[in-house]
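Numbering (the working numbering), first residue to last: 2 to 266.
Even glycine gets a Cβ: it sits at the ideal position worked out from N, Cα and C.
Below is one structure, written out as structure tokens; the observations come after it.
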């Protein structure tokens with residue numbers, strides 16, 4: 002059932018992601034220009050261009066990402082001692098790593114750099130990297146392999162790190178890591194992941210009985226709304242929309258106990 006849910010969710014999003022829908026509309030409109038429905042094609046193209054302009058100029062991406070990134074603040078003070086540190090996969094470009102035989106990271110590289118920094122600050126803490134491959138077509142190359150290469154390059158002893166490399170999404174990552182570690186209820190663990198991804202991740206860990214200390218990184222928004230013209234805003238908008246849908250779906254199917262997890266007072 003878990004595999005079916007994962008496959009269905011991947012397929013649906015690959016078809017309904019905003020950038021995919023906009024491209025489809027532009028192609029459809031262009032094709033209609035060469036038929037007797039040219040006026041309809043013109044209207045579809047105009048609509049698509051207006052939507053692209055609005056997303057790339059107005060701060061829509063910040064509006065949907067800011068509540069996610071601001072939900073859990075960066076801890077002002079961490080405990081003097083923690084039992085362990087977990088970092089979630091997502092910063093690794095595993096296909097590029099495999100093709101070039103050199104570790105490649107995307108814009109979420111702060112996940113790993115912060116994890117390494119925390120590992121150096123807590124030399125006695127258990128270290129865990131969790132994440133395999135989220136690809137529908139390639140389950141041989143794993144995020145964990147790229148992370149291991151990064152750790153070895155910067156001098157972090159990979160023998161200190163436990164690698165969970167079978168999970169395909171965050172829900173599996175939380176579950177498999179819990180099974181791997183079997184943490185005691187009184188242990189303190191830090192969870193490192195991108196700021197927009199923290200609420201959903203914390204909700205998943207809490208649901209399985211693991212009250213982690215969230216450490217958000219990889220922020221993409223500022224404290225003010227900025228008008229700009231940047232086509233990358235479409236990707237940010239899509240990222241935010243996907244995260245909100247993930248939060249909603251996980252709550253509906255019972256993977257989390259809270260719709261929008263918040264810090265404990």
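Between residue 197 and residue 241, the C-beta gap is smaller than 8 Å, which places the two residues in contact. Using a Cβ distance threshold of 8 Å, residue 142 and residue 104 do not count as a contacting pair. In its chain, beyond the 5 residues on either side, 46, 49 have a beta carbon closer than 7 Å to the beta carbon of residue 27. The region 102 to 121 makes no contact with the region 204 to 212, as fewer than three CB pairs between them are under 8 Å.
The closest CA to that of residue 75, considering only 130, 160, 191, is found on 191.
DSSP, read as helix, strand or coil, puts residue 104 in coil. The shortest C-alpha to C-alpha distance from residue 239 to any of 6, 38, 53, 9 is the one to 53. Distance from the CA of residue 249 to the CA of residue 202, rounded to the nearest whole angstrom, comes to 13 Å.
Distance from the Cα of residue 93 is smallest, within the candidate group 56, 129, 149, for 149.
Listed in chain order, the non-local C-beta contacts of residue 165 below 6 Å within the same chain comprise 131, 177, 178, 181, local neighbours out to five positions each way being set aside. The three-state reading of DSSP puts residue 257 in coil, since its state is none of H, G, I, E or B. Check the Cα spacing between residue 20 and each of 36, 57, 95, 43: the tightest is with 57. The C-beta distance from residue 222 to residue 63 rounds to 5 Å, short enough to fall under 8 Å.
Between the alpha carbons of residue 137 and residue 172 lies a gap of roughly 16 Å.
For residue 41, same chain residues with a beta-carbon under 6 Å away, outside a window of 5 residues either side, are 33 in chain order.
Taking a 10 Å sphere around the C-beta of residue 9, we find fewer than 16 other C-beta atoms and assign the residue as exposed.
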